[in-house]
Amino acid sequence: MPKIVVNAFLTLDGVMQAPGGPDEDPEGGFRHGGWQAPYADEAMGRLVTQGITDADGFLLGRKTYDIFSNFWPKVTDPENAIATALNSRPKYVVSRSLERVGWNNSRLIKGDVVAELRKLRQEPGRTVHTWGSTEVLQLLQKNDLIDEYRLFIYPVVLGSGKRLFGSGTVPRAFKNVESVPADKGATYYRLTPGGKPEYGTIGE
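Numbered according to numbering that gives the first Met the number 0, the sequence shown spans residues 0 to 203.
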């Protein structure tokens, strides 16, 4: 049964919108696209590559699918590990508006999305990874379908934009599996759900 693994680039205030470039996702008047670029370094690049090549398949929302499918099929260098993984492995696309998906090895998920995702978790495989796809992440969180988070957190705040943990987030604790600091200030975390938060009083 494959685990669902969430990958996200986040600011300190939890914004995950349009890290890659100014025109990536201007929805809602977002003017900070490309905020991740100044912090790119070898360590973060290596972890991103490892994360993508570790996946047996990818779970994508419509907007992320559009971004990926308009770029990665054009990258045909067999030495590019990210392109090879994304172009060849299964992609499960959650969308209300798409009628078909043309990218190689893609499958459209419509209708009762939660039921379809639960079926997906019964199929063979180790991991299905999400990248971006904010709306899909809210659905996964609400229905307790996330097995692991791999978060790249950057030392910048933006004050507005789509967030991984938005309003309506259920309180939850996490276990830190791994953390890796990078030279330009970012930190990578692997976290697994750890049940409900525990509370107490400091010093008692």
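Yeah, the Cβ is synthetic: ideal placement off N, Cα and C, and Gly gets one too.
Environment of residue i [buried if 16+ CB atoms lie within 10 Å]
{"i": "Arg99", "result": "exposed"}
{"i": "Met0", "result": "exposed"}
{"i": "Ser94", "result": "buried"}
{"i": "Tyr198", "result": "exposed"}
{"i": "Ser68", "result": "buried"}
{"i": "Gly27", "result": "exposed"}
{"i": "Leu46", "result": "buried"}
{"i": "Leu11", "result": "exposed"}
Rounded C-alpha distance that separates residue i from residue j
{"i": "Thr83", "j": "Tyr187", "result": "23 Å"}
{"i": "Trp128", "j": "Asn6", "result": "This sequence places His at residue 128; Trp is not what is there. Whole-angstrom Cα-Cα distance: 7 Å."}
{"i": "Asp40", "j": "Val176", "result": "22 Å"}
{"i": "Ala181", "j": "Leu9", "result": "14 Å"}
{"i": "Phe70", "j": "Glu23", "result": "12 Å"}
{"i": "Lys195", "j": "Arg171", "result": "5 Å"}
{"i": "Tyr38", "j": "Ala185", "result": "7 Å"}
{"i": "Arg189", "j": "Gly110", "result": "31 Å"}
{"i": "Gly122", "j": "Lys2", "result": "Sequence inspection shows Glu at residue 122; the Gly mentioned does not correspond to that position. Looking at the two C-alpha atoms, the distance is approximately 10 Å."}
{"i": "Arg30", "j": "Trp102", "result": "29 Å"}
{"i": "Ile163", "j": "Val156", "result": "Per the sequence shown, the amino acid found at residue 163 is Leu instead of Ile. Rounded to whole angstroms, Leu163 to Val156 spans 14 Å at the Cα level."}
{"i": "Leu107", "j": "Tyr91", "result": "6 Å"}
{"i": "Thr48", "j": "Asn79", "result": "9 Å"}
{"i": "Pro192", "j": "Gln137", "result": "15 Å"}
{"i": "Asp53", "j": "Val4", "result": "10 Å"}
Beta-bridge partners of residue i, as assigned by DSSP
{"i": "Glu177", "result": "Arg189"}
{"i": "Ser159", "result": "Answer by DSSP bridge pairing: none, since Ser159 is not bridged."}
{"i": "Ile152", "result": "Leu9, Thr186"}
{"i": "Lys147", "result": "The sequence given here has Glu at residue 147, not Lys. Glu147 pairs with Val4."}
Chain-order list of residues whose beta-carbon lies under 6 Å from that of residue i (same chain, five-residue window excluded)
{"i": "Gly50", "result": "Asn6, Arg149"}
{"i": "Pro89", "result": "Gly56, Asn104"}
{"i": "Asp143", "result": "none"}
{"i": "Lys73", "result": "none"}
Cβ neighbours of residue i in the same chain (closer than 7 Å, five flanking residues each side left out)
{"i": "Arg117", "result": "none"}
{"i": "Ser96", "result": "Arg61"}
{"i": "Gly20", "result": "Gly32, Gly33"}
{"i": "Thr63", "result": "Trp130, Gly131, Ser132"}
8 Å CB neighbourhood of residue i in its chain, flanking five on each side removed
{"i": "Pro77", "result": "Thr83"}
{"i": "Leu85", "result": "Ile51, Phe57, Phe67, Trp71"}
Inspect the CB distances between the stretch 125-142 and the stretch 58-69 and report whether three or more fall short of 8 Å. yes
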